[in-house]
Every structure is written in C-alpha cells, then in structure tokens.
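Protein chains in written order, with the numbering used here: chain A, 1271 to 1583; chain C, 5 to 260. Written below as structure tokens is the structure these notes are about.
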Amino acid sequence: MKALEIRDLKKTFRSNFLLKKFPVLKGIQLNVEKGEIYGFLGPNGAGKTTTIKCIMGLLFPDQGEILVEGQPAASLAARRRIGFLPENPYFYDYLNARELLFFSASLFNLPAADVRDRVAALIHQVGLSGHEELKLRKFSKGMIQRLGLAQALIHNPDLLILDEPFSGLDPIGRKDLRTLILSLREQGKTIFFSSHILQDMEMMVDRVGIILKGSISREGKLSELISRSTQYYEIICSHISEKELAKIQAHFACRDGQYSLTLPSDADINMAVESIIHNNGRIVAVNPVKMTLEDIFFNEMRPHRPATTGDSR
Amino acid sequence: MKMKIKAIAVNTFKESARNKMFYLLVFFGILFALSSKLISFLTLGDAMKVLKDTGLAAINFFCILIAIFTGINLVYKEIEKKTVFNILSKPVSRDQFIIGKFLGLALTMLTALAAMAGIFFLFVLVNGGGFDLMILLYFFMLFLELLVIVALSLLFSSFTTPILSFIFTVSLYLIGHIMWTFNEFKMILRDPFWKYFTQVLYYLLPNLDKFNIKNEVVLNTPLSPWTILFSVLYALAYIPALLAVTILIFRKRDFQ
C-alpha cells in the first residue's frame, strides 16, 4: 500500500465576476512510497499548493482520487495519519508556543498525560527551547516555521506534508530542518514536501515529481534521474602548453595557471589523459560532471518558458 | 468529538477575551448603565423606573454591538489569516468547527452579559431597587437574543466579507424588532402572492421582538410563563436552523 496516491486529480478555479474557468490541475498522477522523502518541485503557479490543499481537504477536487494509506484523504481517519505544515503558516498570535501545541494536541484527542511530555520534546526538537512562553506575535518568520513543524508532528503522524518548509529559514534553520527531516525518515516516516530550493531538495529526497502547468512532467528516483544524465567530463591539468592542449579535441579554459578541459560524455577520456601526461603535463583532477536536479528542472521548464528569458541551461 | 468542539470553543473564547475591543465595549456598557442614575435625576417620575429603563437599554445596546462585531469577525479572520488551515487539516470536521465557533461566541456573550448584569444588579440594589427577579429574566431573554444574533453573524461571515456581514446582520436585527408590521402588511395587502410572500418572510426572518420584555420588567406588568416558554422554544429551534444553514455553506467552501 502506498503512503499517498493521487490519481487523475483535476481542479479548476473560477474568476469572481465573469465565472471564467482557470484549470489549475490537469490530471495529477503521483505515488509516494512508505518511508521515502518525496520532493514536489515546480515553479510558482504550477499547482503545488493547490495539490497539497486538495490532499488536506481544504479544496475539493473536480475529479480524481486521493488516497492516504488506502483511505480517502478527505476522511478524518486519513487526516489522523497526516501532519501538515502550510505554506507561510499563520497561527493565533495571542497564544504562545506551548498553548498552540496544546491546542493542536486537543484536536487529536491525545491523552493529556502524554501531551505535556510531547510538547516539551517537540519544542526542544525544533529548537524553540526558551521561547515557550513568548506570544506568537513576537515570533520571527523562521520561528513560526519551526513551530509549524512542531504542530505538524504533535500526534506523531506517519505522513508529513510540508508546503515550502524551507521558506523563511536562514542557513542554520535550513540545515536544522534538513537534519530533522532526515531523522524523521530514519524513524520510518514518509515525507512529502514542496520547495523552490533545489539544493535542499537534492540533498534529501529519494524521489522527485516535477509539476508544470498543472501536470506532472517528470517523476522518478532522484538517483536514476541524475545518474542517467552525466553531462560531460572535466579534466583539470597544469604544466602543459596551450598548443599541446589544442591537439586534444576539447574545449579548454585557463584559470589560476591551471587548464580546465571539457569533454563530451562519450569522448575517450583515457586518450586525453595519456596525451597530457605524454606532453609532460600534470593531471590535477578528472571529474564526471553529472546533471543536477536544477539542470533537470530547467530542462523540463524549457518548453514552457518564453524564448526571451534566455536561460543558458 | 466533544473534546475537539470544546477545544475550538475555548480557543474562540480566548481570542475574543484577549481582544481590547471586547473590554472596551463591556466597559462602556457598564459606564452607560451606571450613568442611568444621572438620567434619573434629570427626569420627572419614578426614578427607579428610569434607572432600570435606561440601564437595561445601555446593556442591551452594547451587548448587541459585541455580538455583531465578534460574530462577523471571528470566522472571517480565520479564513483571511488562514488559521483555519491548521484546524481543518486536522481530524476536525467543518461541522465541528462551526459548532465550536458558535459555542465559543456564546461563552463570550455570556461573560460580557454576566459582567454587565452583575454590576447593574448591584447598582439597582444599592439604589434601593431590591433584588428584582424580573431583571434576571430580562437578561436571560437578552442572552437568547444575543445567541440568535451571533448565529446570524456567523452565517453571514461564513460566505461574505465583514462589511457585508455587518450590513446583513444589522438589517436583520432591525427588521427582527419590527416583525409585527409583517402581520399588518398581511391585513392590508390584497394580492394573494404578496400576502403569501409576507407570511413566508414573517416565519423565515428572526422575530427578535419575542425576546424583548423590557416594558414588562420596567413597568412591572405581568408576564405570561407561556410567552417565555414560547420564546425559549423559538430560540431553540431558530438557532440550530441557522447553524445548519451555516454548516451546509461551510461544507461546500473551498479555501484557496
């Protein structure tokens, strides 16, 4: 059984006055396996938040099915299994962190005896120790984000759905959150999150789904998507003349007394290396330059972008 | 289920109770009720009657203001500030959310009314009015009226903006106190369609005058227990009906 299954999800919005239809989701299809970190990637307006709101029952899909461990996502039983952090979360600013977590716990009917320990542990886990009694109106954006994660974890859910969890966090906060998400996977939890920050996603996710204009344009294991896509090889060398380098049919550039040669992925690397050594050159490094998630993302984006934007990738 | 509704109700109460506007309106309600003493000095006739009349009117006015302002703002703010996402994404049904909000608002109104009524009771006692049970009955009926108003404002705030909710609620409040004119229209109108239409409106719109027993309290005229019983039954039927409509609207709502 999948942790999350979305089948043919469609959603249309209407403008207020003319009732003109705007299709936002055009048949989203995705599967999230138990225990994995799934990255949901897409530019602004692609439909990430709309998909997440449909999962959480905040929007009603026009068509399609969403299942959480085999149960309809809109059911209360399914929502007991999910911890949710909305995009740019906003909480009751007249409460303090502890009060908010107790309030969240009361919506799950958790036994009062367990809640006290759980709240204390979560406050410590998300790095808000010492701020328990501070009113939320005095919290920074990063602190709100951390608290949002704590309230999503209050009932120890199996599946975490995080909408842009890295938004508003400083580098330390991002690193802490990455560590926390990875530790949650270690505990067997499934994490589905959307993000614009590709580097963070690349460092954590097992699988990725790229959503563009309301449809999934690419989905798969990150390791497969990237390993399939070695772009070129880079040889760094020194103590060799440009005249000799020109004989190797490769593009090269000089920086700080060292040369960087770029060879296509199907080129004969051994021959190039031998040629450099034969001419008394020194090999500093040979790097296979693989495709990054960013490259994959921009390649997928290219057909959807206006030509004038001139993306070099 | 009960625990979730209770949690939402208590949180709603906290939200209202931590709002400065709430305290300001309660304060002015008390101030105006106490200033009825001044008016009684300036008026000829039974001073206690004037004191009760103006004091109760002041409490009534400020309680209605609190009911309308808190009612129209709370649900709208939840949606506008997206705090509703944090509740509805948990195993809480939309029905539980609306019922919890209503009970929280009812608790807020009870607190405001109790504060004003308690001080006014003491004030009447100090001024030689004795312990008047009829005043207690007046506050009970006012509380029922406040519950109807809160349910009305909750209904409007579930699908429209605070300004429109305010206009709709105030309009229905005013109409609700002149419902007797609908019966008169029925006598005057000859066209059967308009007669029927007026009749439907008479039963559909809130008849808030049923909760107004101020004249009987101030003038000490007898009040039939059946009138009170009928008003209580009316509130017990009308409030759930309003909540049911609110829930039906809220169940269908998309939160973009």
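Positions of the beta carbon are idealized from the N, C-alpha and C atoms, including for glycine.
Distances from the CA of Ser1530 of chain A to each of A:Leu1311, A:Pro1558, A:Asp1536 were compared; the closest alpha carbon is that of A:Pro1558.
For Asn1314 of chain A, no chain C residue has a Cβ inside 9 Å of its Cβ, as the nearest lies near 15 Å away.
Residues of the stretch 85-99 of chain C with a Cβ closer than 7 Å to any Cβ of chain A, in chain order: Lys85, Lys86, Thr87, Phe89, Asn90, Ile91, Leu92, Ser93, Lys94, Pro95, Val96, Ser97.
What Gln1421 of chain A touches in chain C, judged by beta-carbon distance under 8 Å, is Asn90, going in chain order.
About 5 Å separates the CB atoms of Lys1281 of chain A and Pro1331 of chain A; that is less than 8 Å, so the two are in contact. Per DSSP, the beta-bridge partners of Tyr1503 of chain A are A:Leu1533, A:Pro1558. For Lys24 of chain C, no chain A residue has a Cβ inside 8 Å of its Cβ, as the nearest lies near 11 Å away.
By the neighbour-count criterion, in which a residue is buried when 16 or more other Cβ atoms sit within 10 angstroms of its Cβ, Ser1535 of chain A is exposed. Shown here, Asp1278 of chain A sits in a strand according to DSSP, grouped into three states. Against Lys8 of chain C, the close residues of chain A are Ser1376, Leu1377, Phe1378, Asn1379, in the order they occur along the chain (beta-carbon pairs closer than 9 Å). Secondary structure note for Tyr1364 of chain A: it is in no alpha helix (DSSP H), with a DSSP letter that is neither H nor E.
Between Ala155 of chain C and chain A, the shortest Cβ-Cβ separation is not below 7 Å.
The beta carbon of Ile123 of chain C sits closer than 8 Å to those of Ile34, Ala37, Leu38, all from its chain and outside the five residues before and after it, given in chain order. In the DSSP assignment, Leu233 of chain C falls within the unbroken alpha helix (DSSP H) covering 229-255. Here the stretch 183-199 of chain C makes no contact with the stretch 94-104 of chain C; the two share fewer than three CB pairs at distances below 8 Å. The Cβ-Cβ distance between Ala13 of chain C and Leu126 of chain C does not fall below 7 Å. Ile1566 of chain A: member of the alpha helix (DSSP H) spanning 1563-1571, first to last residue. Beta bridge pairing from DSSP links Ile1307 of chain A with A:Ile1461. With a cut-off of 8 Å on Cβ pairs, the stretch 1503-1522 of chain A is in contact with the stretch 1555-1569 of chain A, counting three or more such pairs.
Within the same chain, Met138, Pro226, Leu227 come within 8 Å of Glu220 of chain C by CB-CB distance, once the 5 residues on both sides are set aside.
Going by beta carbons, Leu156 of chain C and Leu176 of chain C fall inside the 7 Å limit.
Between the stretch 1360-1367 of chain A and the stretch 1401-1409 of chain A, the count of Cβ pairs shorter than 8 Å is three or higher; the stretches touch. Using a 10 angstroms sphere on the CB of Thr185 of chain C, the tally of other CB atoms stays under 16, which defines it as exposed. Non-local C-beta neighbours of Gln203 of chain C in its own chain, meaning closer than 7 Å and more than five positions away in sequence, comprise Lys190, ordered along the chain. With fewer than 16 neighbouring CB atoms inside 10 Å of its own CB, Thr1449 of chain A falls in the exposed class.
Among the residues facing chain A, Ala11 of chain C is included, as its CB has a counterpart in that chain under 7 Å away. A:Ile1424 is the residue among A:Ile1424, A:Ser1487, A:Thr1562 whose C-alpha sits nearest the C-alpha of Leu1370 of chain A. Identification of chain C residues near Pro1356 of chain A by a Cβ-Cβ cut-off of 9 Å yields Lys86, Phe89, Asn90, Ser93, ordered along the chain. Under the three-pair Cβ rule at 8 Å, the stretch 1467-1480 of chain A counts as touching the stretch 1431-1446 of chain A. Cβ contact annotation for Phe1283 of chain A (same chain, cutoff 7 Å, sequence separation greater than five): Phe1292, Val1294, in chain order. Using beta-carbon distances, Phe1463 of chain A does not count as an interface residue toward chain C, since no partner is under 7 Å.
In the assembly as shown, Cys67 of chain C is a buried residue. Its beta-carbon has 16 or more other beta-carbons within 10 Å. The residue from C:Ile72, C:Leu114, C:Leu148 with its alpha-carbon nearest to that of Leu240 of chain C is C:Leu148.
Between Ile253 of chain C and Ser162 of chain C, the CB-CB gap stays under 7 Å. The Cβ of Arg1350 of chain A sits closer than 7 Å to at least one Cβ of chain C. Within chain C, Ala11, Asn15 have C-beta atoms less than 8 Å from the C-beta of Phe1373 of chain A, given in sequence order.
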